[in-house]
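Trainee: All residue numbers for the sequence shown refer to the numbering used here, where the first residue is 1 and numbers rise by one. Once you've had a glance at the structure underneath, I'll fire off some questions.
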Amino acid sequence: MPTTKCDVVVLLSGSGSNLQALIDSARAGDSPVRIRAVISNRADAYGLQRARDAGIDTAVLDHKAFDGREAFDQALIERIDAFSPQLVVLAGFMRILSADFVRHYAGRLLNIHPSLLPKYKGLHTHQRALEAGDAEHGCSVHFVTEELDGGPLVVQAIIPVAPDDTPETLAQRVHSQEHQIYPLAVSWFAAGRLRLGESGALLDGQPLAASGHLIRP
Ligand code: GRF
Numbered sequence: 001m002p003t004t005k006c007d008v009v010v011l012l013s014g015s016g017s018n019l020q021a022l023i024d025s026a027r028a029g030d031s032p033v034r035i036r037a038v039i040s041n042r043a044d045a046y047g048l049q050r051a052r053d054a055g056i057d058t059a060v061l062d063h064k065a066f067d068g069r070e071a072f073d074q075a076l077i078e079r080i081d082a083f084s085p086q087l088v089v090l091a092g093f094m095r096i097l098s099a100d101f102v103r104h105y106a107g108r109l110l111n112i113h114p115s116l117l118p119k120y121k122g123l124h125t126h127q128r129a130l131e132a133g134d135a136e137h138g139c140s141v142h143f144v145t146e147e148l149d150g151g152p153l154v155v156q157a158i159i160p161v162a163p164d165d166t167p168e169t170l171a172q173r174v175h176s177q178e179h180q181i182y183p184l185a186v187s188w189f190a191a192g193r194l195r196l197g198e199s200g201a202l203l204d205g206q207p208l209a210a211s212g213h214l215i216r217p
């Protein structure tokens, strides 16, 4: 049956709890999203099992089998484009992507990051927020550009840091917010409401603030 839904390919390397949130949200009858395929660079990623359980096509492309980043990314592009997605979603894909890859998907590549960007790009974000004594922490969805964790912000969820928080307790609360804001951003894109303009992300044709749309649950 022909579909008017937005075909999405999800890339991941691990557990895939964000994939699960996207699967659950796409199941809603009126969702504009169809998860067309899930691709992992690791054969043991649990996210692949989640995809199979949901009847979604999967593929594994092991980066170690390639001679360098460019060769892997080129093969990855071919594998993704075989599914003809309108949107590519990074959901815990633990690979730095080449400039060619990012340019190929300009304006149709989203990532989720466990911090209030531009704070704490890279790893160990919860630990770093605690060490800095931050009163607030959270997660961000952004368009991917060539700057690592630096593309235009779409939406952020902000949570308070409790005095007795550990990196683990903070990670858990941030993770559950990720599961809210990623499906939201993906459905905005799929519905044609979200796009990347010349100078940042636009929602319903209006420029979003530099911090993106803010949610304080
Ligand atoms: C999340 O914390 C996300 O912000 C980061 O990778 C993690 C993926 O978690 N980019 P999961 O595999 O979706 O549970």
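Where is the CB? At the ideal position from N, CA and C, for every residue including glycine. All figures in this text were calculated on a predicted structure; none of them were measured in a lab.
I'd like the list of long-range same chain contacts for V9, defined as Cβ closer than 6 angstroms, with 5 residues on each side in sequence excluded.
Mentor: In the sequence shown, the residue the question calls residue 9 occupies position 9. Result list for V9: R36, A37, I80, F83, P85, V88, in chain order.
Trainee: Based on Cα-Cα distance, which residue from L148, S140, L116 lies nearest to D134?
Mentor: Here residue 134 refers to the residue found at position 134 when the sequence shown is read from its first residue. If we check each option's Cα against that of D134, L116 comes out closest.
Trainee: Does the distance between the C-beta of G14 and the nearest non-hydrogen atom of the ligand GRF fall short of 8 angstroms?
Mentor: As a first step, residue 14 is located in the sequence shown; it is residue number 14 there, counting from the start. Answer for G14: yes, Cβ within range of the ligand GRF.
Trainee: Identify which residue in G122, P114, G197 has its Cα closest to the Cα of A157.
Mentor: Sequence index remark: in the sequence shown, residue 157 carries index 157 (1-based). For the residues G122, P114, G197, the minimum Cα distance to A157 belongs to P114.
Trainee: Between the stretch 96-113 and the stretch 51-67, do at least 3 Cβ pairs fall closer than 8 angstroms?
Mentor: With a cut-off of 8 angstroms, the stretch 51-67 and the stretch 96-113 do not count as touching, because too few Cβ pairs lie within range.
Trainee: Exposed or buried, what is D100 when buried is set at 16 or more other beta-carbons lying within 10 Å of its beta-carbon?
Mentor: In the sequence shown, the residue the question calls residue 100 occupies position 100. D100 comes out exposed.
Trainee: So what's S25 in DSSP terms, helix, strand or just coil?
Mentor: Here the question's residue 25 lines up with position 25 in the sequence shown. Correct three-state label for S25: helix.
Trainee: Give me the Cα-Cα distance between G197 and S17, rounded to the nearest whole angstrom.
Mentor: What you label residue 197 is simply residue 197 of the sequence shown in a count that begins at 1. What you label residue 17 is simply residue 17 of the sequence shown in a count that begins at 1. Going by the C-alpha atoms only, they are around 30 angstroms apart.
Trainee: To the nearest angstrom, how far is it from the Cα of R42 to the Cα of L48?
Mentor: Numbered from its first residue, the sequence shown carries residue 42 at position 42. Numbered from its first residue, the sequence shown carries residue 48 at position 48. About 9 angstroms.
Trainee: Along the beta strand (DSSP E) that carries I215, what are the first and last residues, could you check?
Mentor: Position 215 of the sequence shown holds residue 215. Where I215 is concerned, the enclosing beta strand (DSSP E) stretches over 213-215.
Trainee: Suppose you measure from the CA of V154 to the CA of I112; what does that come to, to the nearest Å?
Mentor: In the sequence shown, the residue the question calls residue 154 occupies position 154. In the sequence shown, the residue the question calls residue 112 occupies position 112. The straight-line gap from Cα to Cα measures roughly 10 angstroms.
Trainee: Quick check: the stretch 163-176 against the stretch 144-152, are there 3 or more CB pairs under 8 angstroms?
Mentor: Not touching, per the Cβ criterion.
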